[in-house]
Each structure stands twice: as structure tokens, then as C-alpha cells.
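A quick write-up on the structure given underneath.
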Amino acid sequence: MTMNGSNAGGLAGVPLAVTPLNRKDFTSDQEVRWCPGCGDYAVLATFQGLMPQLGIKRENTVIISGIGCSSRFPYYVDSYGMHSIHGRAPALATGVAMARDDLAVWVVTGDGDALSIGGNHLIHALRRNVNITIMLFNNRIYGLTKGQYSPTSEQGKLTKSTPAGSVDTPFNPISLALGAEASFVARTVDSHRAHLTEVLTAAISHRGSALVEIYQNCPIFNDGAFDGLKGPDSGLIPLKHGEPIRFGADGELGIVRAADGTLQTVRVDEVGLERILVHDAHRADPSLAFELSRLTDAGTIVNAPVGIFRDVDRPTYDDLARAQVSMAADSAQRLSELQGLVTGADTWTV
Amino acid sequence: MTMNGSNAGGLAGVPLAVTPLNRKDFTSDQEVRWCPGCGDYAVLATFQGLMPQLGIKRENTVIISGIGCSSRFPYYVDSYGMHSIHGRAPALATGVAMARDDLAVWVVTGDGDALSIGGNHLIHALRRNVNITIMLFNNRIYGLTKGQYSPTSEQGKLTKSTPAGSVDTPFNPISLALGAEASFVARTVDSHRAHLTEVLTAAISHRGSALVEIYQNCPIFNDGAFDGLKGPDSGLIPLKHGEPIRFGADGELGIVRAADGTLQTVRVDEVGLERILVHDAHRADPSLAFELSRLTDAGTIVNAPVGIFRDVDRPTYDDLARAQVSMAADSAQRLSELQGLVTGADTWTV
Amino acid sequence: MTDITTLDHVVIRFAGDSGDGMQLTGNRFTHETAVAGNDFSTLPNFPAEIRAPQGTVAGVSSFQLHFADFDIRTPGDAPNVLVAMNPAALRANLGELAKGGIIIADTSDFTARNLAKVGYASDPLTDGSLDGYQVYAFDLTAQTIAAVAELGLGRKDAVRTRNMYALGLLNWMYSRPVEPTLEFLAHKFAKNPSVRDANIAAVKAGHAFGETTELFATRYQIAAAPVPPGTYRQISGNRALAYGLMAGAAKAGLPLFLGAYPITPASDVLHILANAKQHGVTTFQAEDEIAAIGAALGASFAGNLGVTVTSGPGMALKSETIGLAVMLELPLIVVDVQRAGPSTGMPTKTEQADLTQALFGRHGEAPVPVIAAASPADCFEAAFEAARIAITYRTPVIVLTDGYLANGAEPWRIPDLASLPAIDPGFATEPNGPDGGFLPYARDAKLARAWAIPGTPELEHRVGGLEKADGTGAISYDPANHERMVGLRAAKVAGIAADLPHAVVDDPTGDARVLVVGWGSTYGPITAAARRVRLQGRAVATLHLRQVNPLPTGLGEILRSYERIVVPEMNLGQLAMVLRATYLVDARSYSRVRGLPISVGELAADLETIIDEELAKR
Amino acid sequence: MTDITTLDHVVIRFAGDSGDGMQLTGNRFTHETAVAGNDFSTLPNFPAEIRAPQGTVAGVSSFQLHFADFDIRTPGDAPNVLVAMNPAALRANLGELAKGGIIIADTSDFTARNLAKVGYASDPLTDGSLDGYQVYAFDLTAQTIAAVAELGLGRKDAVRTRNMYALGLLNWMYSRPVEPTLEFLAHKFAKNPSVRDANIAAVKAGHAFGETTELFATRYQIAAAPVPPGTYRQISGNRALAYGLMAGAAKAGLPLFLGAYPITPASDVLHILANAKQHGVTTFQAEDEIAAIGAALGASFAGNLGVTVTSGPGMALKSETIGLAVMLELPLIVVDVQRAGPSTGMPTKTEQADLTQALFGRHGEAPVPVIAAASPADCFEAAFEAARIAITYRTPVIVLTDGYLANGAEPWRIPDLASLPAIDPGFATEPNGPDGGFLPYARDAKLARAWAIPGTPELEHRVGGLEKADGTGAISYDPANHERMVGLRAAKVAGIAADLPHAVVDDPTGDARVLVVGWGSTYGPITAAARRVRLQGRAVATLHLRQVNPLPTGLGEILRSYERIVVPEMNLGQLAMVLRATYLVDARSYSRVRGLPISVGELAADLETIIDEELAKR
Ligand SMILES: Cc1ncc(C[n+]2csc(CCOP(=O)(O)OP(=O)(O)O)c2C)c(N)n1
Ligand SMILES: Cc1ncc(C[n+]2csc(CCOP(=O)(O)OP(=O)(O)O)c2C)c(N)n1
Ligand code: SF4
Ligand code: SF4
Ligand SMILES: [Mg+2]
Ligand SMILES: [Mg+2]
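Chains as they are written, first to last, in my numbering: chain A, 1167 to 1516; chain B, 1167 to 1516; chain C, 11 to 628; chain D, 11 to 628.
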């Protein structure tokens, strides 16, 4: 998948910048107003660093967000942007992407914005495969409204709205996206700049809907939500297409398919590297990606695969829709064609 | 899972009828107004036949529907019922189920009602595991609004709203539900009375959200949508817990897990029965159920597993929520406790 | 020989089972009527069920046609002629037939069983209960079968052509030419010659039956109506609306983007536009009404003309996003094809009760222009006007039509698109700030803000739902700025009145004391009722509001110059409330909330009483 | 020795960084004020950001307290005293300080860097720019550190107690008792003795500083306010609302079910009720506002009292379901804690611009009673009243409060719940039809329909959003039935007026010519402004509407008896419109849309001008 220029790429059709841009070009004049230490800063910085590398024109970049702390993101990037209403960013972005084939369209959303009020728009954008790239900032909490539990909070979560503990099972955003026919699904972490850059670059280069879940720390209302990943016997499970799935400090652990068909964690040295499951992000059937998504903990997160779970080519909704639409380039011609339609066949003259 | 009386069952807490009921007791005085030949008739008849068998009081049965042809269902059943608004039935039913532990709560919905406008409520009800049983009448079309394509219509569908063919990938309702953490997911067919009865009985007996997709023929706007299942080399793939997954006229075909980890269809006599995958609906990990859901065709349906994909026990949202709530039985006592709260600790007297 | 009586107008209703082809029959007869030069207005009426059981009252489908030698405004209250293809059709429609009206009944289905099904104890065709009407009952089905017998169709297919037999008969009765229908059939069934020939034979046989039988005492003719010269077509409100939107986009040079979710009676707009993709129209069938308007607003942000079409329940869902569009100040057209509410209400019935929702159904101070179409053809003008205002003023615009306009049809003089006014989107292409920056909320003389679309270099900017600082559009919590912006948004919408025609009263004699004010589809009944009242020698003034927000200049003076103001509405008095609040005049609601257009006869009679009351006060 | 001056009222504003504990300080001072017998009213003000960067204007958090020896109605316009913990707090609040007011500033943070951060070129404490005020500037931080030094806290923790030092000082200055706060601290930090002791030491040291230093020339005292005897507590609007809902459910013997989705400024109602589960309260944090109201309506159907709480954007989303509730005729309470709109607007600021949405924001004719709370404590009464009406009349009821009421607090005489009127849900338990059937839409004298809940044998029935046949509730497309049902639903809501107190005007001298009409939270400013106007010797009448739909009996006569009607609202004149339309009186809007309560001083001055204008007309 080439990054630009190719018809297959997510940025195909987006004009290239004439002179190289730098991160300052993507910094707006608005004061950034997240809490000190918020994970959103890291993602913003990475994003501003990554944008110039894409080589596209700044004015052809559009960022649409919903409402939430993370959804303030577009204000800070000097591109076209819209801070819309709660949960609706994928719908707005669908309109933008359908209307224009020359824009790089990003959606910024939170776990509440995307999965609570906005769940339906998200799953429909994914199944349609609209050419948009969705950054889902998952801090497992409602930040902006000051700390209620979210659809990704672990069961038993004590928050202002659940003083006796929340009682619902959280969504696994990756599983949900795969169940919704998503063509590109990935996960990364706010503070891992290189990984974030790599995943976001792949996501925007994917032609179609790309969902990127970003684990993001909210030091104010859910501090350390992802600290479990740093404990002993825990950690991120990096997924790399074509490579065996290994993790742990020295890659000493690995995933195998057991005799009963399930995936299990083993010590690599005990079973041998050749038995370790090789990741295949391009497999047409989403089942493997789904199985891998289940390696994520639903409670306190101690283990979680990161990287690209799935990345398959499928025509995009907006490309297919555009292919059905045509319009006379010349405006007089357009009007005369329309005159024909409006007049119709069954007329009489007085 | 016992059907009633046991704490674990979906109907636990629902009082039993004193005298046996019959199907007439579940027939209201309203004239049934579906088109001649509509698959909805068959489901209604099966339902009315099944209800008396459950043994519960009629007045403790509640059916909540959205809007659509299928959503007229509650009018025809002489129980408590509500024909609500488009897409919102799972939300209304959540309120009913949380408010009362002595009701059998059914939701009736269509592919548009449940998966288009109502998609979000559906996935949230499933993840929460509210004790409701959802019958999703999937005719792969919008019936009531006279034939637009729906989120389950095959790509390329020619309808009034897509004269050049629809361009989006449909949802697979089973995959979506599994991605949404559903604890019970099944599929059946309008015209297969015995199978429908069996699956619905299991569904209402499941404590938690149960999603039952019902393939339903709409002779007016999407006639024969499931006729592909009747062709040669095609058919339903029955899933039975604990049994090898076989199908075809004489069970000559079967599903195996291939060397690359994927599921594949084989001739049973070629590989031997022992290699055929044994279905496990109770497996905690939903991955197997998800893989099986992918055996469903996304275009014209030629093959589709039916039966219970997944049926696992998990505490229900409403039970857990109720466990946090208490109320003085005596109303004076209730008032005096409330007086204490209202008065609070920081008072002064003038 | 039959006499030929000349009439000035007739209302015919064709009624039968859903499967009987009444809509087609009605449409063909309408077309012949049009070709004969009459003015006309039609109203189809579908059962609420998709296919209610055959032969039941709930399953009756009907089509009413009013045609005349003058310009008429409504499809008529009470039909003069009822064509009833079965007992259910008679049962369902008899109540509305004018006293002494004509009934043409196909006796074939009047069996004991079918009669009982619809609650007739005995056969009304023979038991004398229809004595007050002119009844022509004969076995139309059998005659049709006989007529097409030699063409080798099965019985079922043969029976299917009986609607064409009825049409042929009516053609004869009202002296219409059959040729256009024969041509139409030849074209329509070109691929199926036996069906084609049978239908043609049925039309001819029906016509011949009128000609040869002595059953019918009279034959009628209605002269052509005097209409301005031009090329005409028949058009329904939903189609006119779709074309108006397309014309608006074309004249602005913008692609048209429709985001919609199907809902009765608005779905046809989606269907029509989905068929017009070769004209630069993108349609998006969204997952719900919120996504539909969201995508439309996104498309507008990207430089399309974003439109969304729905009915009451969908309007309710769109409220929040309309509020966002108010804040973003982007063009957006929101069409509400009203139906009877509240809630799901009576989806196939008409009503005008969403006016206050359109005006006020948003949180905060969120003013939106509201345009209401007066007739099926006027939906074109209303939609075009909405496009002009939305684009020129960068504002969401609400267009109100209703089920009656949507499905009803009338003749339409086809406009010359080239001569419609051009619309200038006036995209910002260069910095407009003092320091070379871009001020997205800098305003022009009309208070419209600068609109720069993505892809325009140097004009990168962010918009959003938080209050905007005047000019810069940055987030602002400043109290004075908020008050200023609330005021500016209100002033912008109020200012549109300067750009619109002044209020015009129709008071031919100049001495009326009673003024009837209407909006939307009550235009037809009010105009027709006023005509009747005037024919009775009474003076009455009428005033129609195409634009309900802002109200037209000069309206207050006009209202204050009448002694009595009557506001007929298919709601509980929503416009009356606005007029009372705005002008402090005692506008009185004339409310009819029945899911039906206001009856011309009833309104005319009531107006006469009111006028006499006012005269008595002198 | 310092003088002790007696005042009748004081407005103090505590201001600092979000982390400085200003809300706690304010609340404690309020409590001491309450114990001292003063009447009071408070208003917290949070930054829009969760944690804006330290030391910035955007990050300032403040708490304003108005206390007096008479019954006051607002937290005051301009503070007399500003406690500024840093330069940002001074910068953000100075503009509103009354001329000649007192500034108590902690100099510790007035460094060149911090001053520059908020745009001060030089130190205002020393550059003479504050000459018009009484400035008390000292290193409060250093003094606090010194005071708590021996308790062994780290510097950061020590600095944290400086708010208590300030509190001690203010206690001394306004002659408040410190004991309640010392007790409070002992309790609050019982588990952390060193923090407890440090806070206590800080309070005492602050008090002692006032006592010993010669910095302060005057000390003040404010006598107790004459209030009816009783036991009082301090209560905020959101809490009073939650308690009112609980009381309503308890008096009706129903469980309370809250479906809610968090939104500022309504979320606290969810939080408070989520903490009350042992009182028969179920709370459901839904996936969105539509699910929240849907579940609440489902719970009502099942026999609970269903409630949903939100703010403007959420209200917009609930419209469709409110319409369903109108059709189902089931009890449901919908609370809108209004904030500044349109769209996302200014979420932390107050406004009253959702009134027309509450009244009209639904498709079709969907009448809903609307109740608006007048003050924080009145939220209890409003919620209780809503419960009574919803249950008695089987109807959704909208309760309007706003951000100002929600977060503001005042003393509240705790009601005796046992003596509140009982509410009878009157569930149907037996067939009510002529033939032993159940007619769910049979009505009682108040037009309330029969309400049977699931589990009741023999009363099985179906409800839904399609139009209902009168009595039976079956689906009906009958035109006459629809008109009847539209009328019945409207009459039922209009009829509630018979059950409510008549309109009462407050016109002490009986000769006022100007009447000020308000609703909701303008009650405070209007009452306070009227007091001022009257103290100036002018006559003015006031009238407050707790219930906006239906309007109270007798309102028209009262309105018509004044020469000028002024309607102050934090919107563009929404109630004024309703009054004009309903009574054809020239009610004039006095509109202030700034995200802030209407200023008492400004309103009083404007009223004086208006009164004088009217007098001049004689
Ligand atoms: C219609 C509507 N409902 C509710 C809100 C209040 N609200 C704003 S953001 C938010 C949730 C934020 O959570 P998330 O999406 O996880 O974003 P975060 O703040 O954690 O980044 C809510 C409930 C709103 N603005 N609009
Ligand atoms: C808010 C709202 N939007 C749209 C509609 C119109 N509508 C009614 S049913 C329906 C879809 C029906 O499709 P489905 O759920 O598949 O049910 P079916 O009729 O096929 O059984 C639509 C779009 C509505 N009633 N309310
Ligand atoms: S509340 Fe949490 S998510 Fe929001 S800005 Fe602060 S730290 Fe970030
Ligand atoms: S339209 Fe289709 S789904 Fe609806 S009632 Fe008719 S046959 Fe059934
Ligand atoms: Mg979050
Ligand atoms: Mg369907």
C-alpha cells in the first residue's frame, strides 16, 4: 500500500504540497487546554510531527471531531477542522469524504463519543468502508464531563455515576469494529511515539475506514488505567504482519493455536519459534483478527495486542458512490441536461 | 439451563400460570395486517404456540417493538405490549427489565429497526447483558417504507433508493452481536417451526440478552431472499452444541479446522467424522462462534449456519443493578429514611 | 343517444383493492385531462398497510382527481363520481360521495361473502340504500374478460386489465381522448405483447361499452381552462421539490448532496434524487436521520449543497444538528414533509402541525428561516428559494411541505431553468483579516459569514458548536460576545425579509372585513373557499405566507387593517399563535386536525357565517 | 483596636486556581454564615476546561457568596470583597468588583513571570492601578507555611492549606464562628492527622492574623436574617431537584427510575441519585440521551416513576421520545438543566433559552406541562410538583432549571416529608369496559387515562405511537377520532390549571403601573431588583410563573390591569412571546443573553427608567 499517488492508497487524489511542510505548519494559534500530563498532548505532538511527512497539502486536510476532551484536537491543528457534536463525527466525516475525493479526512473521537452516543455511526462508517481515518482516544472514562464511567471502563468501576461500581461488561473496541466488518483495525498507545506514527501512517494510507484505538491516559479521572501493561508478566503484544506473535521483555512469550483451536500464550523456548502463530493482517476472513482482539483484558488491562489487527483491501463506499455520480463539467450543459429531466416525457403545450 | 424456577434461567422470577394457557390466550382481537404470504405470520403462529409452553403468566409477558412491518407483532399477541418508535425498543425494554424482575421481556425488531437506526441500542443492550430476548426479523429490506435496501441487504441491491445498486457491505448480525459481547446469539428461519420454537425457547430461557436473528421472507419487496438456501450445494448449516457440524441433504458436508487455522468445508466421508469440528456454544471465548458466523454468505445467501452460535452465562445487567438497589418495604419507613437523607448532616435551627 | 352536459368541474374518485391498479388508472385519466386542457389537482390515498388483506376496508386504495375549466386549487372535498371496484371500495368511500353523486360499481365482487367481510348485511346495490345516488352497476369484470378473451391471457391476467376497462368507460363518459393512453400502454408493455394488447383491448372495450349501452343517460364535457401559454407537465410535490433542489444546486454551481433516511411520506424525494445521479446528485441513505443530516452538513462544509429530507419523527431527531448548523453558519436545507402526529401518529395522513417545531424546536436561541410550499408545483419554488437563502446567508433553512402536497399532483408550467436567477456561493478564496489572516466569522452586508471550503490554501480554520468569537470564530466564553453573536444570528435571519417580496393581500373588492391567512398547503382550500364565498357575493380577503420565518415586510399593517383575521390550519393554531405574538392582532385559529386537507365546502360555509357576523356588527 | 461596622449584606468572591480549593473555602464560609443566621445565596464558577493550565485566566475557579440580614434572592451582581489567590484570579475578577471594594491578595504568586502570563505589565498591587479599592496584600502563602511548619508537612501540602488560612482570616473579618469548620476538618481528615492538624492550624492562624495585625481597619458584622423558624440546611438546585424527585416517588409509593446520560450542568443529578440506591432509586447511565429517556419511559410502563435529566443538546435528542410519551399517556419527568446555547454553546454558563423548545419542540400537536424552578431550593418543589402532575395526569412533564440554579445554593427549610400531600398512582386493577374488557384510553374526570401495569391479570393491552382510538386504544386512522384525540390530549394538559394555584401578583402598594413577569431563575434578580426599586420609593408589581404550561388561571386579567409589562429573560423573549400570543398584551421582552444571571443593579436601574417613563405619560 503506497502512501500517496497510487489509486489504492488512502491519500490517492489528495494533492501534494509544493514545498515541504513542517510541524509548525500544523500548529494553530489556539492555546492547548488539556490538563497537565494528559495523554492527548502526546498524540497531538506525534500527529503534528507526522502530518508533514505525508507530503499532502495542508489545506486538503480535514479533521472532524465530536465532543469530549480529545475532541478539542482539531482546534490545535492548523488545517480545516470541525468540532461537531457528541457522537456524530463519523456521520459528518462521511459527508465530507463522499463530497470530496481530494481530502485527507481524519476523525477524532473518545471512548464515550465513539462507543457510547456515537456507536451506531461508528459501526456504520466501518461497514461502509468510508475513506476516513478514525483516532479513538480510549481513556476508559468520560473526561470532559468530569469522570463518569464509559463503555470501555472495566466492570466494577467506581465513578461519580457508579458509586457502588459499574455493572456492565465493557466493549472491546477492536472486537466491535471487526464485528462491524471494518477493513482496517489497529491499536496503539499515546506515549509510544514511534508506534503511534507507524500505525497512524498505515491507517491514513489505507483506502477505506481505518479505526485506530489509542490507549490514552487521563491523569485526572482515570490515572494509570494502562499502568497494568507495565507490570511484571504483562505488557503489550505487538502484532506485525508476517511475523510470529511474540511479547514479553525479551520476546520470551508467544501465541500458539492450541489443539482445541483456541489461541494460547506459551513460552517460546518451550514450544519452539516455529509453532508461534504468524500474524496475518491481510487475511480476508476477520476471524483471526477477532481472536487476537480477545487477548485484550476486559478488566484491568495487563495484556493487550497492539499494532494492526486487520488491513484488507475492499472498495470504499465513497469511491463506489462517486462512481455512480456524474455531472456535466460545463454549467450550461448541466442546466440543459437538468432542463430535460425537469421537462420529462409527458408534457402538453397550451 | 432450566426453563423456569431456577435462579439462573431467563424466566426465573416470572410467576407461573395457575391454569394452563393455550395459543388462543395469546391471540389478541386485532386483525393481523401483514401482506399475504409474509414470513411474519409464521413467526407469530410459532410464537403463539410456544408461549403457553413456557408456563408463565400471560400478564407477566411484555413485548416491546420498534417500527417496521415486523414491529406490529405486539398488537397481535394478547399480552402487555408496546409498539414504540423506530430503533428504540432495546432501550425501552432495558427500562422494563430493570424496573421489574417478574416479567418475561421480548423485543421484536427488524433489520432496519435493529441494525440501522437502532444499532447502538442493540449493541449496548447486548454488552450489558440485559435480560431481554430479541427477535430480529431479517428480511434484508425495509418493508414498511416500501422497499429500500437495509443494512443486511447484499451489495449491489437494486431498490428504490439504490437504482444503480447499493454500494455498502452489509452487516452480519451474528458477527456484530458477537463483537458486541453478546452472551446468547442464535439464528433461525421463519418457516422452520420446530427450529424456531427450539431456538426461541432456549433464548427466553437464557438469563441475559439473547439475540435471535430470524430469516424472514418478504414476498412483496424482497421475495426469495433466502431461496438460495434451497438450491443444490447449498443449505442451512445446523449448529448443535456438542455435535460435529454437518450439513447438506444427508449431512455429507462438514466443517473442519484446516492446518492454517481457518474453518473449511469438507466432505465428511473424505476426512472422517472425527475430524469434523464439534460445536461448542458454551465456550467462554466468542472466537469460535465468530468464526462460524463468517460461514454466512454476505451476498446472496447460499449457506448459513443456524442454531445457537453462543450461549454463555454471565451476570445480567439488571440483576446486578437491582442488587445495588434497596427500598424499605414499609412506606412510612421509606419516608423516614428519605427524611434522613434530605435533612443531611449540616443543618441549623432557627 | 346520450346527452352531452357541460360541467365546469368534476371530482372523480377511483377506488379498489391495493392490487387493482387504481393509482395507474387515476394517473392516466389525469394525463388525458391535462391534454384536454383542464386544470386539475389529484390526491392519491394509500392504505396504511403495505398489502392489507384483499377485499377489506383497510386495503382500499383510491385516487381522487378534480378537473375543471378554471384554475382550481384542491383535489376537491366530496367526489361527484365514485368508481368502486368491490364492496370494500364502496364501503370505504361512500360516506364522502356528494349527495346525488354517480356510483359506477363492478358487481363481480359483490358476493355474499365479500359483502359480509366489510359489514354489509345485504347488497347495497340492490337493497335500495343507494337510492339517493345515480348507480351504474354491472359486471365490469366479466365484460373485461369477455373483451380480452381472444388474446389468450389467463383469467388472472385478464381480470387485471379491468382497471383499463373502467378507464375506457370514464374516457367516454367525460369525453376524453383515449389515444394518449393507448400509446402509453403500447410503450409500457412493449416487452409483453399479450398484456399490452389485452390492456389496449380493455380500454377500447370500456369506451365502446359507454358508446353502445343505453345504461348511461348523460355524457359530460368540461372545457379547457384558460391558462398562461407554455409547456406543461403534471407534477407531484415530492418530485417538484427534488427538481427545485437540483435547480438550486445547478444555479449555484454546486454538487447536490442528499442525506436521507426513508420515512413516509418523504421517501420519494430520496428515490427521485437517487435516480438523478447523472446530474451531479449524490444520495446517501444513512443509518438514521441524525447521520443523514450530519452527512449533509459535512458535505456542505466540504462545498456541496447539503440537503436532508424527512418527516416529523425524523425532524425531531435532527434538532440537535440543525442547532450545530446554526452555529457553524453553513448552508443546509432540511425538508420536513409533514404527516399526522404526534409520535408515529397516522403516517399516511397529512397535517401541518410541525410548524412550531420548525420555528422553535431547538435548544438555545437558534433562529432558522422557514419556507412552506403552497401547492405540489410550488414545492419547486420553495426548494429553489431555500437553496438561494441557505447559500446566500450561510444558514440552515427548513422547508415544510406535507403528505397532501407530496403525493398530490397538478399541472405545472415547466420553468426555463436558464432564466432562473443565478445563486452565488461566494466562496472565500483569499485572506480577509487585517493581518493577512482569515476571519471565518467576518460578515458581509447581509451578515453572511465568509465561507472557505477545504482545499483553499491559506484559509485553514476550525468551526464548531461552542460559541464563537465575533470575526475570528475562536472559542469564546465572553458574556458580551455571546450576547452579540446571539443577536447577530437573529438579525441575519430577520434580515432575509429585506430580500423577499412584501406581504400581499388578495382583496378584489377592497372592502372585505374578514382576512383569511394561511401558510403551506391550506393555500388550496383557502383560495377555493374564497372563490366560493365571493361567488356568493360576499367580500373576503386572503393572504398566503410562503415564508413563515422571517415574516414578510408589511404583514402587520395588512393584518391590522381587517376586522377579523381567520387562520385555517391543520393544527391547533400554530401560525395563529405566531401572528398574535408578533403583531398583537386577534388572529383566530380555524383548526381542523383530521389528517385530511381542510374541506373547501366547510371552510366556505364557515367563512360566510363569520363574514355575516362581522357585517352584523356594523 | 479595629472597629466593628454593621452591614446589612455583603458579597464575597473567593478566587484562585482550580486546584486552590476555592469551592471548599466558599462552602465552609457559607455554612458558617448559615449558622450565624444570615440568609445567603451562592454561585460557584468553574473553568470550562477540566484543568486549565495553572496560573492562567482560563484556569480560575471562583465561588461567590451573598449573605445578609434580610431574605435575599441572588448571589449578588458585583462582589464587595475579592479574595485573589494569584494574579490570574485578580485579573479575571477585578472587573466585576464593586467600586471601592476590598481586595485581599496573596502576594506570593505575584512574580514577574506569573504577572506576565496573565498580561500584567507591572504589578497591580504596587503600581497604583488599584487605588480605587481597599487592598490588603500580604504573603498569605508564606504565613501559612510558617503557621503549619511545626506539623511536619512537605512544602506542597503546607501550601495546600492556605485556603484555610484565608478562611480563618475572613471568619475573623466578618465575625463568624470558626468552630463548625474546625469540627468539619477534624471529621474530613480524620484518617490523615497531619493534614487535619495543618488545616486546623491554618484556620486558627488566619483568624489570629486578623486579630493581631493592624492591617485591617474594620471588622464587620451582619445580623441574623429574620426567617421562619425551622431546621435549615444549605442546598443546591441539583440536589434539591434530586430530593424532590425522590419525595415524589416515595409519596406515590413508586420506585424511582432515572435514565440519564452525563452532561454539564445536569450530571450531578445523576451522581446524587446514583448515591441514593438504598432509597428505591435505580439509576441507568445510558448510551445516549435517547436511550436514557427510552429506558425511563419503559420503566414507567412497568410501573416505576421514570425520570430523565439532561441539558439543551440532550433535550433536542429526546424530542421524539417525549412525543411517544405524549401518545402513550404515561408518567415521565424530563428535566432540562439549561445552559447557554445554541448547539454546544457555553456549557458551563447559564441561560433560559430552552423554553420554546420545551413548549413546542416536538412534531405534531404534542402538549406537555412545563414547570420551571425559581431558586435552588425551589427545585425540590418543582420536581415534586412534576411528579404529582405526571402521575396524576399520566403525562410527560418537563421541568426547567438552569446552570445558575443547579450549582447555586441557598438556605432551605427542610420540609417534613410526612406532611407533603400523598400522590395516588391509581393503577387500574380491574376491567373497566362495558363487556368486562379493559379500555386503556378510558379517562377519569381529569381526562387521565386508565393505567394498568404489566403483571395485572385481565388488563393485558398494547400501547404505541400510532394514533389511538378513543377508549379502546386500538390503532385508528379515523379522521374524527384523530381530531378528538388531539383535542383530548390538549384539554387534559390545559385542564391541569384547574388544579394549580391562581396567578398572584406582588404589588405591595397596589398602585404600580409596571408589572414585571418572570419565570424560572429570573425570580431572584427580579425580586431583588423590585426590592431596590421600591426602596427608591417607586411602585412596581412582580409576578412569577412557576408553571409555564398551562399558564395559571387569572393571569390574563392581571396582565391587562397594568400599563406596561416587562419580561426579563435570559433569552430573546420566549415567555414574552407566549404571553403576547395568549393574552394579546404588549408584554415587552427585557432580554439579557450573556450566560450570566440578569444583573440586579442593571435591572433595577432599567425598571426605574421604565417606571418613570410610564409616570411621565400620565
Ligand atoms: C448530546 C450530548 N450529550 C452529552 C454531552 C456531554 N458530554 C460531552 S463529552 C462527553 C463524554 C466524553 O467522554 P469521551 O468521549 O470518552 O471523551 P474524553 O473527554 O474522555 O476525551 C459527554 C457525555 C454533550 N456534549 N452532548
Ligand atoms: C424516526 C423514524 N424514521 C424513519 C421511520 C420510517 N420507517 C419505519 S419502519 C422503517 C424501516 C423498516 O425496516 P425493518 O426494520 O427492516 O422492518 P420491516 O418493515 O422490514 O419488517 C423505516 C425507515 C420512522 N417510523 N421513524
Ligand atoms: S480530564 Fe483527562 S482526558 Fe480530559 S484533558 Fe484532563 S487529563 Fe485529559
Ligand atoms: S412488506 Fe414484506 S415484510 Fe412487510 S408485511 Fe408485506 S411481506 Fe411482510
Ligand atoms: Mg474518554
Ligand atoms: Mg426489514
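Glycine included, C-beta positions come from ideal geometry on N, C-alpha and C.
Could you tell me the alpha carbon to alpha carbon distance between residue i and residue j, rounded to whole angstroms?
i: C:T136; j: C:P89; result: 22 Å
i: D:E59; j: D:R602; result: 25 Å
i: A:I1367; j: A:L1216; result: In the sequence as presented, Ile is not what sits at residue 1367 of chain A; that position holds Thr. Roughly 8 Å separates the two Cα atoms.
i: D:G481; j: D:L457; result: 11 Å
In the structure shown, what three-state DSSP assignment does residue i receive?
i: B:F1515; result: In the sequence as presented, Phe is not what sits at residue 1515 of chain B; that position holds Thr. Three-state result, B:T1515: strand.
i: C:R372; result: coil
i: A:G1232; result: coil
i: B:M1167; result: Only weak support is given to the placement of B:M1167: the predicted model assigns it a pLDDT of 34, under 50, and the value that follows is read from those uncertain coordinates. Coil at B:M1167, not helix or strand.
i: A:H1361; result: helix
i: C:G263; result: coil
i: C:T40; result: helix
i: D:K287; result: helix
With a threshold of 8 Å (Cβ to nearest heavy atom), would residue i be considered close to ligand 6?
i: B:R1306; result: yes
Between residue i and ligand 5, is the CB less than 8 Å from at least one heavy atom?
i: A:D1206; result: no
i: A:S1316; result: yes
i: A:D1277; result: yes
i: A:G1309; result: yes
Any heavy atom of ligand 3 closer than 8 Å to the CB of residue i?
i: A:P1385; result: yes
i: A:S1236; result: yes
At a threshold of 8 Å, does residue i count as lining ligand 1 (C-beta to nearest heavy atom)?
i: A:I1251; result: yes
Nearer than 8 Å: is that true of the beta carbon of residue i relative to any heavy atom of ligand 2?
i: C:D364; result: no
Using alpha carbons as the reference points, say which of the options lies closest to residue i.
i: C:N314; options: A:S1231, A:K1312 and A:R1266; result: A:R1266
i: A:G1309; options: A:E1225, A:S1371, A:N1383 and A:G1284; result: A:N1383
Leaving out five residues on either side along the sequence, give the residues of the same chain with a beta carbon under 6 Å from the beta carbon of residue i.
i: B:T1168; result: Confidence at B:T1168 is low in this model, with a pLDDT of 34, below 50, so the placement of that residue should be treated as unreliable; the coordinate-derived value is given next. Counting only Cβ-Cβ distances below 6 Å, and skipping sequence neighbours, we find G1175.
i: A:A1259; result: I1230, V1271, V1273 and I1298
Tell me whether residue i counts as near ligand 4, meaning its Cβ is closer than 8 Å to at least one heavy atom of that ligand.
i: B:G1203; result: yes
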